[in-house]
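Under the numbering used here, the first residue of the sequence shown carries the number 137, and numbering increases by one thereafter. C-beta: ideal position from N, C-alpha, C; glycine also.
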Amino acid sequence: MFKFKEIEDIVEFSEIASFSFSVPYEEKDSLLKELSELQKSGEKFFGIFENKKLISGLVLRDYTMKMRDNMVKMGGIAFVCSRNDSRGKRSIKFLMERTVEYMNKNDYIVSALYPFSLEFYRKYGWEMFQNSKIFKISTGEIIKSKLNEDYGYEEVSVITEDIQDFYNKYAAKNHNFCLKSRQSWDNFMMFKWNSQINRGVIKFSHKDEIRGLILYSYSKNDKGKSIYTIYNFIYEDINTKKLMFNYLSSLSKQISEVYVFLPNDFVLWPHVNERYKTEEGLVSPMIRVIDLDKLNGLKTKGSDMNVNIEIEDKQAEWNNGIFNLKVIDGEIQITGAEEADITMNIGTFSSIISGFTNIEEMLDSGKATIIDNYNGTDLEKYTTFLNEFFW
């Protein structure tokens with residue numbers, strides 16, 4: 137008999153996660169420290185217990201994420217794992233269903249995760265909503281720009297209130313950025329695994345006013361090669377963007393290549409002399425709508441539209457049925473309907489609502505089907521880009 141409840145023993149959970157994610161022995165203490173700090177900061181650890189023994193679990197992290205033209209409550213699911221001697225018992229299915237129920241009761245609008253398998257999480261209602269790339273840039277090939285002395289940069293050891301305010305104002309306007317709390321910043325600055333040399337923030341300013349930030353990790357891979365990875369590359373104006381590339385160019389004597397996560401609407405080629413590479417292996421996040429009713433009132437770009445959609449959700453019966461989806465004067469409205477124009481599952485609908493895709497593309501791919509009288513009305517697409525990395 138399975139029981140769903142919060143996990144209290146982080147040591148036991150960490151051991152299960154270490155096995156599931158193939159964490160090397162020398163990194164196990166780092167994982168335990170990270171999980172312990174997440175628990176102290178208020179993140180939820182949920183598990184499935186069988187005869188009082190923990191057999192599977194996950195971490196549910198709270199985020200406020202930009203989606204279309206709104207800041208929404210998003211549940212980030214991380215560290216989904218199970219005991220090696222409990223595989224095949226379908227405890228993960230039970231775990232995901234109960235976690236969706238918890239999120240519904242606690243007013244989450246969407247949930248996101250980074251999958252080890254797209255097919256696996258599609259079964260539970262998640263679908264892709266990003267296909268961004270990792271760019272590998274040779275620091276010696278970056279084009280430097282001449283800027284006046286009013287521009288400068290420095291590495292910061294303390295996240296001040298003005299840094300936090302700058303980041304959150306940027307996040308509220310761009311892609312699928314998430315607001316960062318004081319605890320989020322502390323976690324980012326604190327968590328350094330054995331393979332990491334450093335992890336930090338570079339602040340870029342004009343006349344002492346913050347205009348851009350780089351959040352990076354500096355580490356060595358298993359071959360001993362130094363890896364400089366940029367998680368956030370954000371700026372308010374073109375001169376700050378040039379300044380940030382000047383900074384990367386200055387690393388060339390120590391670091392030959394940098395890896396940077398960028399959205400698909402970022403134009404990189406004018407800033408390098410030679411061709412850059414895109415790296416394979418970036419795990420694209422997936423998204424799931426928790427409750428259709430909670431989408432009411434969300435703001436969006438695009439023309440007015442009106443369509444009746446039949447939605448199947450095998451994990452959340454409250455989302456099953458026929459719904460009328462409208463956009464009127466830039467506001468999404470969802471109500472019940474009697475007859476459907478098209479049909480799709482909750483994952484496909486979630487991907488459309490996120491802005492990653494639209495109805496036309498899902499009809500072309502076969503993930504949505506016309507039933508009757510569909511007139512081609514559609515939702516506006518957005519450039520989606522989530523760069524909070526919770527595994």
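Distance, Phe215 Cα to Tyr98 Cα: With the chain running from 137 to 527 in the structure shown, residue 98 is simply not present.
Contact belief for Phe397 with Tyr367 at Cβ below 8 Å, rounded distance in angstroms: 6 Å
Test item: CB-CB of Met201 and Val195 under 7 Å: no
For Ser274: DSSP bridge partner residues: Glu393
Environment of Asp263 [buried if 16+ CB atoms lie within 10 Å]: The residue asked about is misnamed: residue 263 is Glu in this sequence, not Asp. By the 10 Å Cβ count, Glu263 comes out buried.
Sequence-distant residues of the same chain with beta carbon closer than 8 Å to Asp243, five excluded per side: Lys209, Lys430
Identified DSSP bridge partners for Ile458: Glu446
Counted within 10 angstroms of its Cβ, other Cβ atoms place Thr414 as buried (16 or more) or exposed: exposed
6 Å CB neighbourhood of Tyr364 in its chain, flanking five on each side removed: Tyr354, Ile391, Val394
Residue of Ile273, Asn206, Phe182 minimising C-alpha distance to Tyr238: Phe182
Assumed close pair Gln469, Lys462 - CB separation to whole angstroms, cut-off 8 Å: 4 Å
Any 3 or more C-beta pairs closer than 8 Å across the segment 319 to 338 and the segment 265 to 275: no
Rounded distance between the beta-carbons of Val443 and Asp478, thought under 8 Å: Note on residue identity: the sequence assigns Ile, not Asp, to residue 478. Indeed, because the Cβ distance is near 7 Å, the residues count as touching under 8 Å.
Status (buried if at least 16 other CB within 10 Å, exposed otherwise) for Gly224: exposed
Beta-carbon spacing of Pro421, Leu351 below 7 Å: no
Ile184 vs Phe149 beta-carbon contact at 7 Å: no
Segment limits, alpha helix (DSSP H) that includes Ile299: 297 to 307
Lys359 - DSSP class collapsed to helix/strand/coil: coil
DSSP-derived helix/strand/coil call for Lys503: coil
Cβ pair Phe324, Tyr289 closer than 7 Å: no
Reduced DSSP secondary structure (H/G/I, E/B, other) of Ser353: strand
Pick from Asn312, Ile374, Phe485 that is closest to Pro399, judged by C-alpha positions: Asn312
Per-residue burial, Lys437 [other beta carbons within 10 Å of its own, 16 or more giving buried]: exposed
Neighbourhood of Ala476 by C-beta distance below 7 Å, restricted to the same chain and skipping five residues each side: Asn444, Ile445, Glu446, Ile458, Ile507
Thr484 versus His342: straight-line alpha-carbon distance, rounded: 44 Å
Bridge-paired residues (DSSP) for Arg197: Gly212
Element boundaries [beta strand (DSSP E), containing Ala473]: Premise fails: Ala473 is in no beta strand (DSSP E) and is neither H nor E.
Euclidean distance between Cα positions of Ile228 and Arg347: 44 Å
Buried or exposed by the 16-neighbour rule on C-beta atoms within 10 Å, applied to Asn357: exposed
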